[in-house]
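J.: Structure provided below as structure tokens; questions to follow.
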Amino acid sequence: MTLAVQSVSVRIGSATLLHDVSLAAQPGEVLGLLGPNGAGKSTLLSVLAGDRKPDTGTVTLHGRAPGAWPTEALARVRAVMTQSASVAFDFTVHEVVTLARMPHAGRTSAADDRRIVAAALALADVAHLAGRLYPSLSGGERQRVQAARALAQVWTATDDAPCRFLMLDEPTASLDLRHQHALLEAIRRFVGNGVGGIVVLHDINLAAAYCDRIALLDRGRLVACGPTRQTLAPERLAEIYGVSLATLDDAGTPHFIVRTPPQADRATPAVP
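Start counting the sequence shown at 284; every next residue gets the next number (this note's numbering).
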């Protein structure tokens, strides 16, 4: 069971956001989407989720186009956490995460739904916020609540969704250092047992630590896709990001450091 795009291109006006991209995601792995600003990462995630139809190419989720899935069935088979999510009403955190169980109405008991919501809140480290009103939270707290919502949505397998996908667009963007690692570690623990993770990240070191495979994009093209260590070659990253990198080995995990030019080599900007 896979989620795949084949020869996908996306255009808006004269701009090509994706050009002839092909890749597949598998249950049991975390696939990281990496690349500079404007590389097409969020666009590719929206295509994989079925939220954006490509101009050319195909998207298949368990052998069917996302548009061929009934809405509730699609919601049971994949959950999406976008970069920003607003809540129009003064719901509590518990209520926001509970809403994620709506696609499962009639398929799971109320007791099971309560258990799943509690487990998702705990896994995303927001159980202590369950009674808080969502609008009262900080940006990082809201991000963790949205991660809990996505987890709760695809927590259990169903007849039409034995394999599920968790799709997260920059889930660590507003998080402090501890919560960045805690959330990605939680995702790693969750992936498996019929779940695949697809995560858009900007931090190369987080990707190196928590992703099984990397899809590296640049200017709408898929530059490389494969096992993390092989794909994150320093020379390739330096070319794509336009920076010089040094690499340290941390117990088998590469850690990248940006080399800064000596002070004498730095251009001094003119002061008006």
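Quick reminder that beta carbons are idealized off the backbone N, C-alpha and C, glycines included.
Since the model is a prediction, treat every value here as computed from it, not as a measurement.
Could you pull the DSSP bridge partners for residue 411 from this structure?
T.: As a first step, residue 411 is located in the sequence shown; it is residue number 128 there, counting from the start. Paired residue(s): none; residue 411 is not in a bridge.
J.: Please classify residue 462: does DSSP put it in a helix, a strand, or coil?
T.: Along the sequence shown, read from residue 1 onward, the residue named residue 462 stands at position 179. Helix.
J.: Where residue 355 and residue 459 are concerned, what is the direct C-alpha to C-alpha distance, given to the nearest angstrom?
T.: Along the sequence shown, read from residue 1 onward, the residue named residue 355 stands at position 72. Along the sequence shown, read from residue 1 onward, the residue named residue 459 stands at position 176. Using only the alpha carbons, I get a separation of about 34 angstroms.
J.: Going by C-alpha to C-alpha distance, which of 443, 338, 308 sits closest to residue 567?
T.: Lying before the first or after the last residue shown, residue 567 is absent from the chain, which here runs from 284 to 555.
J.: Look up residue 439 in the DSSP assignment and say whether it is helix, strand or coil.
T.: Working through the sequence shown from its first residue, we reach residue 439 at position 156. Residue 439 falls in the coil class under three-state DSSP.
J.: Could you tell me how far apart the beta carbons of residue 457 and residue 426 are, in whole angstroms, since I believe they sit closer than 8 angstroms?
T.: As a working mapping, residue 457 is identified with position 174 in the sequence shown. As a working mapping, residue 426 is identified with position 143 in the sequence shown. Rounded, the Cβ-Cβ distance is 5 angstroms, consistent with contact.
J.: At what residues does the beta strand (DSSP E) containing residue 504 begin and finish?
T.: Indexing the sequence shown from 1 puts residue 504 at position 221. Residue 504 -> beta strand (DSSP E) spans 504–510.
J.: Buried or exposed: residue 479, going by 16 or more other Cβ atoms within 10 Å of its Cβ?
T.: The residue you call residue 479 lines up with position 196 of the sequence shown. Answer is buried; the Cβ neighbour count reaches 16.
J.: Reducing DSSP to helix, strand and coil, say where residue 473 ends up.
T.: Position 190 of the sequence shown holds residue 473. Here residue 473 sits in helix by DSSP.
J.: Where do the ends of the alpha helix (DSSP H) carrying residue 325 lie?
T.: As a working mapping, residue 325 is identified with position 42 in the sequence shown. Looking at the DSSP string, the run of the alpha helix (DSSP H) that includes residue 325 is 324–332.
J.: Let me confirm a value: residue 487 is counted as buried when at least 16 other C-beta atoms fall within 10 Å, else exposed. Which label applies?
T.: For the purposes of this step, residue 487 is taken as the residue at position 204 of the sequence shown. That one is buried.
J.: Within this structure, are the beta carbons of residue 301 and residue 315 separated by less than 7 angstroms?
T.: Counted from its first residue, the sequence shown places residue 301 at position 18. Counted from its first residue, the sequence shown places residue 315 at position 32. For residue 301 and residue 315, no; Cβs fall outside 7 angstroms.
J.: What is the DSSP secondary structure of residue 350, counted as helix, strand or coil?
T.: Position 67 of the sequence shown, counted from the start, is the residue given in the question as residue 350. Here residue 350 sits in helix by DSSP.
J.: Hey, residue 344 and residue 286: beta-carbon distance below 7 angstroms or not?
T.: Mapped onto the sequence shown, residue 344 falls at position 61. Mapped onto the sequence shown, residue 286 falls at position 3. Against a cut-off of 7 angstroms, the Cβ pair of residue 286 and residue 344 comes out as a contact.
J.: Among 509, 530, 471, which has the Cα closest to the Cα of residue 311?
T.: One-based indexing of the sequence shown puts residue 311 at position 28. Measuring from the Cα of residue 311, the nearest candidate turns out to be 471.
J.: Look at the alpha carbon of residue 379 and the alpha carbon of residue 540, and state the distance between them as a whole number of angstroms.
T.: Numbered from its first residue, the sequence shown carries residue 379 at position 96. Numbered from its first residue, the sequence shown carries residue 540 at position 257. Rounded to the nearest angstrom, the two C-alpha atoms are 39 angstroms apart.
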